[in-house]
DNA sequence: ACCTGAACACCGTTCAAGT
DNA sequence: ACCTGAACACCGTTCAAGT
């Protein structure tokens, strides 16, 4: 990459971070280019799709959760680890309005620049769930996709001003549902 | 209302129904006017906001669920009634893509033409929940807003192609969580 | 009283022309 | 190799001018 191009790439990423933080994942791409003082075509050259820009903006956050999840897999308590992952996912998606909708769309679209990251995250959750199930700490009739659906639903609620305040409580309710197995006491 | 105006109103409502069914609640209003063969200003005259059009389109559906809920309040089993209401709400919102997002926004916006309907629906659910709680059939640490949040989350999952197939199952999981009270057997 | 559609201020996306 | 921005095809919304 030519050094002037590299400069534009870095600038667009920085401004992209800013604008997505303000306006969410449906932010105006024109606005990103405008604020970066760059032609709209330059933005499209470096980030051919909205998802490509989002992927670059969210790269670090995805990686952090993935690393955390790998640690959680080795932790002592399989059920606590699972609940921690739920909280991590809700916190991650809460950083940007609309992110959970973008991620949910990306799971169904193999061509999306966000697809691989979302599949990874689903895998992390699935492993934590499987471990909890093996240890008899989680109900066995749900799988990794169900778990992702539940955490996505909570993340979506977190995006809605009328429900955001309830999410902590509802996460407990849902965590209890996932962890409820016959013979286990109510938390 | 003049008879020519009445004609336009009815036509716009009919076409509105059609277009919202096809494109969801974020449908192009221009497209509605175009298909109705009417100036865009005429649409805005009869339906000053998108929500006003949606309210007219959804009026019947809202009323049906409200009537059903009133019947459910008198039914024998408080917990089964509550689960039936959850299913009714998910079915109602599933009829139009984006509807749950519109309704969730309307709950927070007193000026929305959808506000009153959404508050009514929340009230129906809250009464069914309260009854189940009084009979010791539902956990006591959630209220009507929590219940609406949970059913809205399920409705949102139903709007996502990657999760829609799981919603029946996840409704069971969540219903179990709501109905789970100490001393109650797993279903 | 009601209808019309141009006008305004935005989008996303592409691509010919420039450096 | 890269950048630019006009061009195209859309929006939502308002409002002066017409019937």
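Residue numbers (my numbering), protein chains in the order written: chain A, -13 to 173; chain V, -13 to 173. Every residue gets a Cβ at the ideal spot worked out from N, C-alpha and C, and that includes glycine. Fair warning: this is a prediction, and the values are worked out from it, not measured in the lab.
Cβ atoms of residue 157 of chain A and residue 72 of chain A come within 8 Å of each other, at about 6 Å. Within the stretch 122 to 134 of chain V, the residues whose Cβ lies closer than 7 Å to any Cβ of chain A are, in chain order, 128, 131, 132. Spatial neighbours of residue 55 of chain V in its own chain (CB-CB distance under 6 Å, excluding positions within 5 residues in sequence) are listed in chain order as 71, 110. For residue 48 of chain V, not one C-beta of chain A is nearer than 9 Å to its own C-beta. The three-state reading of DSSP puts residue 75 of chain A in helix, counting H, G and I together.
The Cβ atoms of residue 115 of chain A and residue 76 of chain A do not sit closer than 9 Å to each other. Taking C-alpha positions only, residue 7 of chain A is separated from residue 82 of chain A by approximately 6 Å. Interface criterion met: the Cβ of residue 93 of chain A is under 9 Å from a Cβ in chain V. Under the DSSP assignment, residue 28 of chain V falls in the alpha helix (DSSP H) whose first and last residues are 26 to 32.
Residue 49 of chain V and residue 25 of chain V have their C-alpha atoms roughly 31 Å apart. Considering only A/147, A/132, A/53, A/153, the residue with the shortest C-alpha distance to residue 93 of chain V is A/147.
In this structure residue 40 of chain V is in contact with residue 88 of chain V, their Cβ atoms being roughly 6 Å apart against a cut-off of 8 Å. Rounded to the nearest whole angstrom, the C-alpha separation of residue 29 of chain A and residue 143 of chain V is 32 Å. Residue 42 of chain V is a Cβ neighbour of residue 2 of chain V, given a cutoff of 9 Å. Residue-level contact by beta carbon fails for residue 9 of chain A and chain V, as no gap is shorter than 9 Å. Across the structure, residue 19 of chain A and residue 85 of chain A are spaced so that their CA atoms are roughly 20 Å apart. A direct Cα-Cα distance of roughly 7 Å separates residue 51 of chain V from residue 74 of chain V. Annotation for residue 100 of chain A: no alpha helix (DSSP H) segment contains it, and DSSP assigns it neither H nor E. When only Cα atoms are considered, residue 96 of chain A and residue 31 of chain A end up about 21 Å apart. If you draw a straight line from the Cα of residue 120 of chain V to the Cα of residue 67 of chain A, it comes to about 35 Å. For residue -13 of chain V, the three-state secondary structure derived from DSSP is coil. In this structure, residue 135 of chain V sits away from residue 162 of chain A, with a CB-CB distance that is not shorter than 9 Å. Inclusion of residue 133 of chain V and residue 112 of chain V in the CB contact set at 9 Å is warranted, their separation being smaller than that value. For residue 153 of chain A, same chain residues with a beta-carbon under 8 Å away, outside a window of 5 residues either side, are 76, 140, 143, 144 in chain order. Residue burial annotation: residue 16 of chain V is exposed, with fewer than 16 other C-beta atoms found within 10 angstroms of its C-beta. Close partners of residue 155 of chain V in chain A (Cβ separation under 9 Å): 127, 128, 132.
In the structure shown, residue 0 of chain V falls within a helical segment according to DSSP collapsed to helix, strand and coil.
Rounded to whole angstroms, the gap between the alpha carbons of residue 104 of chain A and residue 160 of chain A is 21 Å.
Counted as a single uninterrupted DSSP element, the stretch harbouring residue 62 of chain A is not any alpha helix (DSSP H), since DSSP gives it neither H nor E.
At least 9 Å separates the beta-carbon of residue 98 of chain V from that of residue 11 of chain V.
Of all alpha-carbon atoms in V/107, V/138, V/150, the one lying nearest the alpha-carbon of residue 150 of chain A is that of V/138.
Taking all protein chains in view, the Cβ of residue 5 of chain V is crowded by 16 or more other Cβ atoms within 10 Å, so the residue is classified as buried. Nearest C-alpha to residue 69 of chain A among A/117, A/45, A/90, A/38: A/117. Under the Cβ criterion of 9 Å, residue 152 of chain A is counted among the residues facing chain V.
For residue 137 of chain A, the uninterrupted alpha helix (DSSP H) segment begins and ends at 130 to 145.
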